[in-house]
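Student:
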Amino acid sequence: MLLSLNKISINFGGVAALTNVSLDAPAGKITGIMGPNGAGKTTLINIITGMLAAQTGTVHFNGRDVTTLEPHEIAAMGCARTFQNIRLLNETSVRDNIVVGCYRHGQAGLMAQLFGLPSAVKEFKGQESQVDELLERFDMTQYADLPAGELSYGHQRRVEMMRALASVPSLLLLDEPVAGMNDVEALELGRIFKDLVNDGLGIILVEHNLRFMQALSDYVYALDVGQQIAQGSPADVLNDPAVITAYLGE
Ligand SMILES: Nc1ncnc2c1ncn2[C@@H]1O[C@H](COP(=O)(O)OP(=O)(O)OP(=O)(O)O)[C@@H](O)[C@H]1O
Ligand SMILES: [Mg+2]
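And the structure:
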């Protein structure tokens with residue numbers, strides 16, 4: 000199994016953000032995580048990537064116990080993510096934003112990398128084909144030399160995804176990748192995600208757009224206030240009474 004969580008729990012000052020959450024995410028598949036606001040979805044991604052430490056439970060990635068590893072160590076093993084809120088270098092070209100991602104440094108290292116950007120870009124010369132491939136895959140070649148801050152919201156999200164993929168991860172964690180996009184944009188992205196998993200990538204998809212989640216996920220886990228309330232095929236989970244009740248409360 001590419002990623003396995005076993006009985007993960009974490010509290011924030013008395014708030015049980017996650018309680019005994021277990022899940023598996025295989026390579027070559029899209030594993031969906033759904034749940035209303037505050038369910039614990041982003042917290043789960045933060046634990047997988049080492050940005051938060053679980054109070055109980057274990058995380059195994061690529062056959063290794065990574066529960067206590069630092070974010071840069073987990074990133075270096077091939078785990079990449081995007082954030083719920085866009086984090087790009089607005090003044091920097093799309094191409095160089097992607098180049099930054101070629102280094103498996105995780106978030107802390109990313110900030111250091113940003114300050115050393117000119118040298119990072121120079122050091123990178125010679126590997127442009129990898130970036131070109133990503134630009135083509137995301138249909139963004141024509142925007143490569145524009146400052147990222149000038150792009151539309153949907154295109155900025157694509158840059159984030161390309162940056163995450165530039166490190167050639169085996170697992171990609173997407174935190175609400177199509178939030179704020181229209182159906183056409185979401186559909187196009189969905190097709191790209193399917194292509195990526197067909198090439199062997201494992202994807203964890205946290206998503207509020209349930210139609211998108213259902214269309215894309217191979218298997219879904221549902222959370223509500225930190226508790227795991229259902230798992231199974233997208234259709235089964237969306238029809239689960241506990242899931243329907245959780246969403247009615249929204
Ligand atoms: N750093 C933190 N300190 C204190 N409480 C936190 C922290 N991070 C998350 N929480 C709380 O933990 C719970 C889960 O939050 P989380 O952000 O994981 O939810 P989510 O499922 O991603 O929600 P959303 O759909 O709104 O993004 C919430 O009650 C939230 O207020
Ligand atoms: Mg969230």
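In numbering that gives the first Met the number 0, the protein residues as written are 0 to 249.
Backbone N, C-alpha and C fix where the C-beta goes; we use that ideal spot for every residue, glycine too.
#1: Is Thr81 a contact residue of ligand 2, with contact defined as CB to any heavy atom under 7 Å?
#2: Taking the beta carbon of Met161 as the centre, do at least 16 other beta carbons fall within 10 Å, making it buried, or is it exposed?
#3: Using DSSP's beta-bridge definition, name the partner residues of Leu22.
#4: Thinking C-alpha only, which one of Leu186, Val158 and Asp194 is nearest Leu88?
#5: Ligand 2 and Glu223: does any heavy atom of the ligand fall closer than 7 Å to the residue's C-beta?
#6: Identify every residue that forms a DSSP beta bridge with Gln141.
#7: Run the proximity test for Gly179: is its beta-carbon closer than 7 Å to any non-hydrogen atom belonging to ligand 1?
#8: Please report the Cβ distance between Lys40 and Val205, rounded to the nearest whole angstrom; I am assuming they are in contact, meaning their Cβ atoms lie under 8 Å.
#9: In this structure, does DSSP put Ile228 in helix, strand or coil?
#10: Please classify Glu175: is it buried, with 16 or more other beta-carbons within 10 angstroms of its beta-carbon, or exposed?
#11: Give the DSSP bridge partners of Ala245, in chain order.
#12: What's the C-alpha gap between Gly179 and Ser216?
#13: Is Asp182 near ligand 3, judged by its Cβ being under 7 Å from some heavy atom?
#14: Ligand 1 and His154: does the residue's C-beta get closer than 7 Å to at least one heavy atom of that ligand?
#15: State the start and end residues of the unbroken beta strand (DSSP E) segment that holds Tyr220.
#16: Quick one: what does DSSP say Phe82 is sitting in, helix, strand or coil?
#17: Please classify Met33: does DSSP put it in a helix, a strand, or coil?
#18: Could you give the DSSP three-state label for Ala52: helix, strand or coil?
#19: Among Glu187, Phe211 and Leu247, which has the Cα closest to the Cα of Thr30?
Tutor: Looking at the coordinates:
#1: What you label residue 81 is simply residue 82 of the sequence shown in a count that begins at 1. Answer for Thr81: no, Cβ out of range of ligand 2.
#2: For the purposes of this step, residue 161 is taken as the residue at position 162 of the sequence shown. The residue in question, Met161, is buried, as its Cβ has 16 or more Cβ neighbours within 10 Å.
#3: Along the sequence shown, read from residue 1 onward, the residue named residue 22 stands at position 23. DSSP lists Leu4 as partners of Leu22.
#4: For the purposes of this step, residue 88 is identified with residue 89 of the sequence shown, where counting begins at 1. Looking at the Cα atoms, Val158 is the closest of the given residues.
#5: Reading the sequence shown from its first residue, position 224 is the one you call residue 223. The question names Glu, but residue 223 in the sequence shown is Asp. No, since every heavy atom of ligand 2 falls outside the 7 Å radius drawn around the Cβ of Asp223.
#6: Here residue 141 corresponds to residue number 142 of the sequence shown, with the count starting at 1. Gln141 is not bridged to any residue.
#7: Sequence index remark: in the sequence shown, residue 179 carries index 180 (1-based). No, the Cβ of Gly179 stays beyond 7 Å of every heavy atom of ligand 1.
#8: The residue labelled residue 40 in the question sits at position 41 within the sequence shown. The residue labelled residue 205 in the question sits at position 206 within the sequence shown. Their Cβ separation, rounded to whole angstroms, is 5 Å, which keeps Lys40 and Val205 in contact under 8 Å.
#9: Stepping through the sequence shown from its first residue, residue 228 is reached at position 229. Residue state, collapsed to three classes: strand.
#10: On the sequence shown, position 176 is the one that residue 175 refers to. When all chains shown are included, Glu175 counts as buried.
#11: Here the question's residue 245 lines up with position 246 in the sequence shown. None; Ala245 has no bridge partner.
#12: Along the sequence shown, one-based indexing puts residue 179 at 180. Along the sequence shown, one-based indexing puts residue 216 at 217. Their backbone Cα atoms lie some 19 Å apart in a straight line.
#13: Looking for ligand 3 in the displayed structure turns up nothing; the ligands present are ligand 1 and ligand 2.
#14: Taking the first residue of the sequence shown as 1, we reach residue 154 at position 155. It does not: the Cβ of His154 is nowhere closer than 7 Å to a heavy atom of ligand 1.
#15: The residue given as residue 220 occupies position 221 in the sequence shown. Note, Tyr220: beta strand (DSSP E), Tyr218 to Asp223.
#16: Start at 1 with the first residue of the sequence shown, and residue 82 comes out as number 83. Coil, per DSSP.
#17: Sequence index remark: in the sequence shown, residue 33 carries index 34 (1-based). Strand.
#18: Along the sequence shown, read from residue 1 onward, the residue named residue 52 stands at position 53. Three-state result, Ala52: coil.
#19: What you label residue 30 is simply residue 31 of the sequence shown in a count that begins at 1. Answer by Cα proximity: Phe211.
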